[in-house]
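Asker: Taking the numbering used here, the leading residue of the sequence shown gets 1096, the next gets one more, and so forth. Glycine is no exception: its CB is placed at the ideal position from the N, C-alpha and C atoms. Source: prediction; values computed, not measured.
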Amino acid sequence: MNERELYQQKARAKLDEWKAELDKLKAQAEQADADARIELNRQIKTMKAQIEQGESKLDELSEAGEQSWQELKQGFERAWNTLSDAFGKAADKFKQQR
């Protein structure tokens, strides 16, 4: 497996991890009272959009030619770090509101 494939595999695994975490949070939201559920569902929607953004960026990276891949990788890493931070903050906020 080359560097590119390994990189994409790790990114895909992280997205899958976030999806599993989101599924857990959805189940927890169902147990919340009505007021909390409204806010929690808003957070879930935000987190889902962030995961979809990550998948879109990963697809762009996967489709890139070898030469442009290196350039896109740098931009992807910046976007990925921002996405990771945002997802973590949303998950923390979600857990605080339970």
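1) Assuming contact is defined by CB atoms lying nearer than 8 Å, are Leu1178 and Gln1138 in contact in what I supplied?
2) Output the boundary residues of the alpha helix (DSSP H) element that contains Asp1118.
3) For Gly1183, name the three-state secondary structure that DSSP assigns.
4) How would you label Ala1124, buried or exposed, when you count the other beta carbons within 10 angstroms and need 16 or more for buried?
5) In the structure shown, what three-state DSSP assignment does Ala1131 receive?
Answerer: From the atom records:
1) no
2) Glu1098 to Gln1126
3) helix
4) buried
5) Ala1131 falls in the helix class under three-state DSSP.
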